[in-house]
Amino acid sequence: MEKPEKDKKPGKLKMPQIKVGSIVTYVVLGIWALINIFPLYWMFTFSFKSNREIFGLNVIGLPKEWLWSNYKSALTNGNMALYFLNSVIVTGFTILLTVILSLMAAYALNRLVWKGRKVVNNIIMLGLTVPIHAAILPIFVILRKLDMTNSYQALIIPYTGFTLAMAVMICNSFLESIPKELEEAACIDGCSVYGIFFRIILPLMKPALATIAIFTFLQAWNELMFAVTFIDDSKFRTLSVGIQNLAGAHTTQWGPIGAALVIATFPTLILYMFMSKRIQQSLTVGAVKG
Amino acid sequence: MNKRLVSVFLTGIMATTLLAGCGTTESEVKDNSSGSSRENLTLTLWSIATESDAFSNAYSKAIKEFESANPGVKIKHETFENEAYKTKIKTAVSSNNLPDLFYTWGGGFSKPFVESGKVLPLDKYYTGEYKEQLSQAALTYATYDGKIYGATYTTPVSALFYNKKIFEQNGLKAPATFDELVDVCNKLKEKGITPIGISAKDTWVLAMTHDAMTLKSAGPEKVKAALKKTGQSYDDPDFLSSAKKFKQLADMGAFYKGATGLSNDEASALFYNGTVAMFTTGSWMAGSIQKDAKNPEDFDVVPFPVIGGNAKETDFMGGAVDTIMVNASTKDADIAGKAAFELTRSISKYSYLDGAGLAVWKKDYDDSKVNPLTRKLAGYASGASSFTLWFDTMMEAEDAGEYLTLLQEMYVGNITPEKFVKSMAEQLK
Amino acid sequence: MDSVRRNKLAIFLFIFPALLLFFVIIILPIIMSGYYSLLDWDGINGSTFVGFSNYIELFTDPGFQKTIINAMILAILSVFIQLPMALGLALLLSKGVKGERFFVAIFFVPVLISTVVIGQLWLKIYNPEYGIVNMGLKAIGLESFTRTWLGDQKTALISVFVPIIWQYVGYHMLLMYAGIKSVPPELREAARVEGATEWQVSRYVIIPMIKNVLKICVIFAVTGSLKVFDLIFVLTRGGPAKATEVPSTLMVSMIFGRNRYGYGSAIAIAIIILCFFFAIVIQKAFKTEVD
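Here it is as structure tokens:
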């Protein structure tokens, strides 16, 4: 990429070089930031507009007419608060389960020694290959056999199944950068596998876990196909299905959908802010000092 | 290591055959409350009448009326979005997860459901006042192999909506023949107004226009015979003529230029805001105009122009396809069967009064408050000499999919009308 | 230490729960899909065993071949445009620019926003009447360049890929950023002390240390491209006239649109095999580089 190149010029006074370089840097970063934040702005503004404004009259600007009624429609449609809560429960447990299972599995694959771990490692990658729509019917059949449909588990289990591959791979790559010597050093005075896992590995894996939490959250929070098919009873309905229900069969009022999406996106943003702080905080590699 | 893999694989195969074998033949009864037949019975109903849907109010009223007329029976209504529902209901039929009552689309869509034996035939409940108030014709698309499998509540038709104001401003009259349509399009283009709005991305909108043109070229009998594969080949001069005329409109620029990139919502928006002057679609647009157009009075509707000799002005595309069916293993077949008719009768009335759809059950109530466009369309519906279901709903899924694909290909110019007609004939063989 | 690592009970406890879940949710459905792919089945009623005829039909269908090509184009664009962008941003931000945390957060935002919003947004951007692209071109006098971006068979594919590539830059960036931050700062210092420029530090110190993360990103990018569905469906439904059809859109239209469940399952299996193939190949490619 071009930015580092700018610093490459040898033989000249370093000061002016850096100045030009960093101005360009900030401009580039700034532009990209604006491009990235635009969708948020757009979502926020269209959540207050009427279909007429959204579809031509006033596509980008601030709403000519601020339709707070859109928010009212969104919130009173069905039982959005309940759907929100359901999403929180499903996503929360999915994250928990994913983090726990993937870290344990990655540790077993990466650090423990047993026959067949290479094969299992490769098989886990199958988890990245399955197109979701093809899995709907088979998983539904399985869930019915296990009598698990129409419940939180009906989503938590499949979601976790699908995030495992990604999570295990991320854990693996972070584990690989933790030197084995560290564990061996801790073992000099005698130790158990569990001790090493909990006291040495786990604390060092915080950035990995935070990253996995974010990615799992993303997959589970916005997921739609499974949520529609596996759950019939609206008391277990999740937010993404609730939002989709705002669409009419032939015509749709997009304003309320925007409102619901704004409501749905906010926890995402907050969780992300919280998690990214964790990543940043726990990224000092001091503990690894030999 | 390899042995482990093999045993895992074998277990998988065993599990699969077990599941596959059981999944399709077992019939489970959804058990709910105490189980005694008429007391405290809860029937589950699935539909696409979500709260933002135009029919939502009608459904709610219908359910309330039924519950008060049948104390001890409750109806639990769950709604789902249209597109997602198609996947959900198919999966439900496949895995025996059907509720007692469910909405579905008649014609080709539900054919596999009926064939699976999981839908209850309703002939024995179609008696007395139900028979009197709901014509046999209204049940055409809910009838399979001579047996009735569902009840219907609305009969949308498609027609040519147009912006009256633009027409008047340019001294134009609503077209009644194809030549008049071409003439109107030319005159509008001269004034810099795009004549016809359409979405080529949501192919069903494209089909709306093409279906209407084909119907008005070949006439209802021929169309039905060709699409239902009862002896009429699609490779026929009438069908070729409508395909050619469709291409003619496309080539002369009668359709909005960017139609391939627009969804139905976006294309309709162009009609509501006066960018395009005409739009052919289902009668539900009458309701949307009231909501989304700045001046609903600017709009009017006429039957789609007649093109060929076999068709009349009173032949309409449309029909009763919104159907409520009953699960064959429902807890109480008699009550559920009765409910299907009672509910649809009420929904028919209330949805019409709301301007959401055209009533298919006999109207014995005052409809003067309904918006003028919808009332006009209701008039067309009651005076219709024939109804022909939209092609992509009438045909079986495989043929319908191919039809829409070929239509889009013809629209963008990848295939000629001749090729289109021949490919359709091939597909329908 | 060695005996600790071979503790059978521990191994079992650690790996079994994940494996069990994985088997039920991933492996079993794959096997079931494999079975379905050998049938002529509508998904609801009886089926006929047809052996490999679905696959033969699939591989001789130019339509399917096109979807694979489209997916591979996306994969190439992802790996050679999206990933370098992500890497550049990650390197830049991890150096310690002002507002580092702010930028990292902002760049990740598109990933957080649901595909529905991104899709609808880009529909508006590409709209031939009032979309920013065409209006922008008109404003700078390039009206002849305006197109129906999503509706023109020639421009649809690239138009659809732009939002897809753009949306996930932040995703890969975050992974790389986390990886870079895990590199011991002493290594950077040591290199700088020896007179290396930023660029050389990045190239010779950091990048090798995050090879694993890069490997993962490439695998995610390629498998993601082969499976891509949501945005394409919203933007074009795979049209116009199949111009933007990818394996997943074809699969969904076959399974749920045309009731050809067996054939659709064959497509699914083809996707699975392809993804798996590339995942293994990429894994191997990176291994030879590291060691």
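From first to last, the protein sequence lines stand for chains E, P and F. Counted the way my numbering counts, the first sequence spans residues 12 to 301. Counted the way my numbering counts, the second sequence spans residues 69 to 497. Counted the way my numbering counts, the third sequence spans residues -8 to 282. For every residue, glycine included, the Cβ atom is placed at its ideal position computed from N, Cα and C.
### Message
Would Pro180 (chain P) and Lys215 (chain P) qualify as a contact pair, given that the criterion is a beta-carbon distance under 8 Å?
### Response
no
### Message
Check for me: the alpha helix (DSSP H) holding Asn81 (chain E) runs from which residue to which?
### Response
Ser80 to Thr87
### Task
Tell me where the beta strand (DSSP E) around Val438 (chain P) begins and ends.
Unbroken run through Val438 (chain P): none, as it is neither H nor E.
### Query
DSSP three-state call for Met393 (chain P): helix, strand or coil?
strand
### Task
Pick out whichever of F:Cys266, F:Ile258, F:Ala270 and F:Val272 has its Cα sitting closest to the Cα of Ile47 (chain F).
F:Ile258
### Message
Short of 7 Å in beta carbon distance, which residues of its chain neighbour Ile223 (chain F), apart from the five on each side in sequence? Order them along the chain.
### Response
Val151, Gly229, Thr235, Val237 and Thr240
### Query
Given a threshold of 16 other Cβ atoms within 10 Å of its Cβ, counted over all protein chains shown, does Glu234 (chain E) qualify as buried or as exposed?
buried
### Query
Can you tell me whether DSSP reads Lys269 (chain P) as helix, strand or coil?
coil
### Cα-Cα separation, Met107 (chain E) to Gly170 (chain F)
Sequence check: residue 107 (chain E) is Leu here, not Met. Those two C-alpha atoms are separated by around 22 Å.
### Query
In its own chain, which residues sit with a C-beta less than 6 Å from the C-beta of Ala85 (chain E), not counting the 5 before and 5 after it?
Pro267, Ala270 and Ala271
### Message
Please state the DSSP three-state secondary structure of Gly500 (chain P).
### Response
The structure shown has nothing for residue 500 (chain P), since chain P only spans 69 to 497.
### Task
Enumerate, from N- to C-terminal direction, the unbroken alpha helix (DSSP H) stretches of 4 or more residues contained entirely within the region 137 to 209 of chain F.
147 to 172 and 176 to 184
### Task
Use the C-beta contact count for Lys115 (chain F): other C-beta atoms within 10 angstroms, 16 or more gives buried, fewer gives exposed.
buried
#### Entry: Among F:Ala212, F:Arg92, F:Leu10 and F:Asn36, the one whose alpha carbon lies nearest that of Leu112 (chain E)
F:Leu10
### Cβ shell of Gly355 (chain P) (< 6 Å), same chain only, five flanking positions each side left out
Ala122, Gly423 and Ala424
### Task
Establish whether the CB of Gln264 (chain E) and some CB of chain P are separated by less than 8 Å.
yes
### Task
Using the Cα positions of Ala68 (chain E) and Ile266 (chain P), report the straight-line distance between them to the nearest angstrom.
Here the sequence assigns Leu to residue 68 (chain E), which means Ala is not the residue at that position. Spanning the two alpha carbons is a distance of roughly 19 Å.
### Task
Taking only beta carbons into account, state which residues of the region 242 to 274 of chain F come closer than 7 Å to chain P, listed in chain order.
Ser244, Phe247, Gly248, Arg249, Asn250 and Arg251
### Message
At the level of alpha carbons, what is the spacing between Val209 (chain F) and Val70 (chain F)?
### Response
6 Å
### Query
In three-state terms, what does DSSP make of Lys20 (chain E)?
The predicted model places Lys20 (chain E) with a pLDDT of 44, which falls under 50 and marks its position as unreliable; any figure quoted below should be read in that light. If DSSP states are grouped into helix, strand and coil, Lys20 (chain E) belongs with coil.
### Task
Would you please state the rounded distance, in angstroms, between the beta carbons of Ala388 (chain P) and Ala206 (chain P)? I believe it to be under 8 Å.
5 Å
### Chain-ordered residues of the region 195 to 214 of chain E with a beta carbon less than 9 Å from chain P
none
### Sequence-distant residues of the same chain with beta carbon closer than 6 Å to Val179 (chain E), five excluded per side
Ser113, Ala116, Ala117 and Ile135
#### Entry: Contact between the region 41 to 61 of chain E and the region 89 to 103 of chain F (3+ Cβ pairs under 8 Å)
yes
### Message
Can you confirm whether Pro485 (chain P), when its beta carbon is compared against all beta carbons of chain F, has any partner nearer than 8 Å?
### Response
no
### Query
Mind listing which residues of the region 112 to 126 of chain F have their C-beta closer than 8 Å to chain P's C-betas, in chain order?
Leu114, Tyr117, Asn118, Pro119 and Glu120
### Message
Pairs of beta-carbons, one from the region 137 to 144 of chain E and one from the region 72 to 87 of chain E, closer than 8 Å: are there three or more?
### Response
no
### Task
Just tell me which of E:Ile71, E:Arg63, E:Leu123 and E:Pro149 has its CA closest to the CA of Met54 (chain E).
E:Ile71
### Contacts of Val15 (chain F) in chain E (Cβ-Cβ under 8 Å)
Ile153, Ile168 and Gly172
### Message
Using beta carbons (cut-off 8 Å, strictly below), is Arg228 (chain F) in contact with chain P?
### Response
yes
### Message
Please report the distance separating the alpha-carbon of Gly32 (chain E) from that of Val39 (chain E).
### Response
11 Å
### Message
Tell me which residue opens and which closes the alpha helix (DSSP H) that Ser251 (chain E) is part of.
### Response
Leu250 to Gln255
### Task
Look at Ala210 (chain P) and Thr220 (chain P) and say whether their C-beta atoms are less than 8 Å apart.
yes
### Query
Under 8 Å between C-beta atoms, does Val88 (chain F) make it to chain E?
yes
### Message
Residues in the same chain with beta-carbon distance under 8 Å from Arg128 (chain E), minus the five sequence neighbours each way, listed in chain order, please.
### Response
Ala119 and Leu120
### N- and C-terminal bounds of the beta strand (DSSP E) containing Thr344 (chain P)
Just to set this straight, residue 344 (chain P) is Val in the shown sequence, not Thr. Unbroken beta strand (DSSP E) run through Val344 (chain P): Val344 to Gly350.
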